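Chemist: Chains A and B, in that order, give the protein sequences.
Once you know that position 164 of the first sequence is 164 in the working numbering, the rest is easy, because the numbers rise by one and skip nothing.
Once you know that position 152 of the second sequence is 1152 in the working numbering, the rest is easy, because the numbers rise by one and skip nothing.
Number of protein chains: 2
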Amino acid sequence: MTVPTARQRRSDERRRRILDAAQERADAEGWTAVTTRHLADAIGYTQPVLYRHFPGGKTEIMRVIAFEGFVELTRLCRSAVGRTRGPRAIEAVAVAYLDFAAAHPAVYEAMFQQPIETRFTSEDTEPELRAGFEALADAVRDDGDGTKTEVFWGALHGISQLERAGRMRPEGRSRRITELAACFDQDTP
Amino acid sequence: MTVPTARQRRSDERRRRILDAAQERADAEGWTAVTTRHLADAIGYTQPVLYRHFPGGKTEIMRVIAFEGFVELTRLCRSAVGRTRGPRAIEAVAVAYLDFAAAHPAVYEAMFQQPIETRFTSEDTEPELRAGFEALADAVRDDGDGTKTEVFWGALHGISQLERAGRMRPEGRSRRITELAACFDQDTP
DNA sequence: GGTTTATGTTAGCACCGCTAGAAAAAATAG
DNA sequence: CTATTTTTTCTAGCGGTGCTAACATAAACC
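Set out below in structure tokens:
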């Protein structure tokens, strides 16, 4: 078995192209600019073809992109923290986190903002989300019930969003990261 | 002059009804559920009437609601901080901020998330936003360049959004606020 | 009362996500 | 190689969105 039919392969490739086209356009123009018509155009087919690959339509496409985003962000955070702890680790993970959110704003939006994930936290995302959470917990040396990590995560999330919305001075990023490390390193609950 | 014509009064009342209907429905069902047709229906007129009051259409309606949100949130934060400082002030302002965001999710969304405010930060919102920012600065005793306040604000923003998205345990709210106060009170830069 | 001005409605545009049913292409059987 | 079945793709269209021009109505003014 597992003979990858030429048929199957073309299908897989096209699925990838749909996801890539959606992510690229979303990051550049926002999710509202990602329309099924444009997407179909981008892959050289008509709309109904999209629904063969993603029966859930645009929502499912966003969901898949969000899931891949969770995997990638977790990997980046883990890699940034490594074996270091304390302020150095906090700064490293903050840079990784904020860079990802800035580089892929639409992916990040699909992950946390879009009303996609109602009943999706408890499914496949759970392990990924948990792994990323633990990378943050390691960085801030959270040995409690996770509250400190939650607050740290909230700060990262909030800063990324407010930076994106143009509400924070872009040049102050490094100062914010230093401040973040100062806030979350010293107190040991 | 300045004779408040019955005409003018009816117009003002209707404008208010439009805003109220939009905010109510948005908070309950989300902004996508706020359609011009429904809105027109809610006030007992047809669509074009909306555009007489708000030539910018739905976008302008959201903008006005966001602006009123800035005024209200600032008022609440100022009132919560009052003359107190330190951890007590931090906790008080955090409760006020998070309560507002939770009570009026759509208003909060219009304020910070919706791509409305591109060229609107430097306009009317500037003073309001600044005033609210200063309330937060007072709470955390920021005597520096505002970086600490930015990080604190980011934490509040992020926590409110992640709570709303169901990403944080709802019952952990008070623990997070305590942790927040601990993080942002002790270090004096 | 007649005229001007403001107000409201009807009808329609271009776009959206999505889908049923016809047409084309590919795989399978004889 | 032909005939049949299965899969894939397209055409056409549904109900919805924000928004607007052109017409009808109501109010204010002289």
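Ideal Cβ placement from N, Cα and C applies to all residues, glycine included.
Bear in mind that the values here come from a model prediction, so they are computed numbers and not experimental data.
Please name the residue in B:Pro1048, B:Gln1186, B:Thr1035 and B:Ser1079 whose C-alpha comes closest to that of alanine 1096 (chain B).
Modeler: Here the closest residue by C-alpha is B:Ser1079.
Chemist: Is the segment 1168-1186 of chain B touching the segment 140-151 of chain A in the sense that three or more CB pairs, one from each, lie closer than 8 Å?
Modeler: yes
Chemist: With 9 Å as the C-beta to C-beta threshold (strictly closer), list the residues of the segment 155-176 of chain A near chain B in chain order.
Modeler: Ala155, Leu156, His157, Gly158, Ile159, Ser160, Gln161, Leu162, Glu163, Ala165, Gly166, Arg167, Met168, Arg169, Gly172, Arg175 and Arg176
Chemist: If we define contact as Cβ-Cβ less than 8 Å, is valine 1151 (chain B) a contact residue for chain A?
Modeler: yes
Chemist: Are the CB atoms of isoleucine 1065 (chain B) and isoleucine 1018 (chain B) nearer to each other than 8 Å?
Modeler: no
Chemist: Does chain B have any CB closer than 8 Å to the CB of cysteine 77 (chain A)?
Modeler: no
Chemist: For alanine 6 (chain A), is the classification buried or exposed, using 16 other Cβ atoms within 10 angstroms of its Cβ as the cut-off for buried?
Modeler: exposed
Chemist: With a 10 Å radius around its C-beta and 16 neighbouring C-beta atoms as the bar for buried, classify threonine 1209 (chain B) as buried or exposed.
Modeler: Since the first and last residues shown for chain B are 1001 and 1189, residue 1209 (chain B) lies out of range.
Chemist: Tell me which same chain residues have a C-beta within less than 8 Å of the C-beta of serine 160 (chain A), skipping the five on either side of it?
Modeler: When the five nearest sequence neighbours on each side are left out, the beta carbons in the same chain lying within less than 8 Å of the beta carbon of serine 160 (chain A) are those of Tyr97, Leu98, Ala101, Ala102 and Tyr108, in order along the chain.
Chemist: Tell me where the alpha helix (DSSP H) around glutamate 1150 (chain B) begins and ends.
Modeler: 1147-1164
Chemist: Check whether the Cβ of glutamine 1113 (chain B) lies closer than 8 Å to any Cβ atom in chain A.
Modeler: yes
Chemist: For a contact defined as C-beta to C-beta under 7 Å, what are the partners of glutamate 1179 (chain B) on chain A?
Modeler: Residues of chain A passing the Cβ test: Thr147, Lys148 and Val151.
Chemist: Give a yes or no on whether the minimum CB-CB distance between phenylalanine 1184 (chain B) and chain A is below 8 Å.
Modeler: Among the residues facing chain A, phenylalanine 1184 (chain B) is included, as its CB has a counterpart in that chain under 8 Å away.
Chemist: Quick check on the burial criterion: 16 or more other C-beta atoms within 10 angstroms. Buried or exposed for aspartate 142 (chain A)?
Modeler: buried
Chemist: Can you give the beta carbon distance from glutamine 1113 (chain B) to glutamine 113 (chain A), rounded, assuming they're within the 8 Å contact cut?
Modeler: 7 Å
Chemist: Among A:Arg37, A:Ala26 and A:Ile43, which one has its Cα closest to the Cα of aspartate 12 (chain A)?
Modeler: A:Ile43
Chemist: Please state if the CB of valine 1093 (chain B) and the CB of alanine 1139 (chain B) are separated by a distance shorter than 8 Å.
Modeler: yes
Chemist: Do the CB positions of glutamine 47 (chain A) and threonine 36 (chain A) come within less than 8 Å of each other?
Modeler: Yes, the Cβ-Cβ distance between glutamine 47 (chain A) and threonine 36 (chain A) is below 8 Å.
Chemist: Tell whether a beta-carbon distance below 8 Å holds between arginine 1052 (chain B) and histidine 1038 (chain B).
Modeler: Taking 8 Å as the cut-off, the Cβ atoms of arginine 1052 (chain B) and histidine 1038 (chain B) do not count as close.
Chemist: Tell me whether proline 127 (chain A) sits in a helix, a strand or coil according to DSSP, three-state version.
Modeler: Of the three classes helix, strand and coil, the one that applies to proline 127 (chain A) here is helix, per DSSP.
Chemist: Which term fits alanine 181 (chain A), buried or exposed, when burial requires 16 or more other beta carbons within 10 angstroms of its beta carbon?
Modeler: buried
Chemist: So what does DSSP say about glycine 56 (chain A), is it helix, strand or coil?
Modeler: coil
Chemist: Can you say whether arginine 1083 (chain B) is buried or exposed, counting buried as having 16 or more other CB atoms within 10 angstroms of its CB?
Modeler: exposed
Chemist: Using the rule of at least 16 other Cβ atoms within 10 Å of the residue's Cβ for burial, across every protein chain shown, is arginine 1010 (chain B) buried or exposed?
Modeler: exposed
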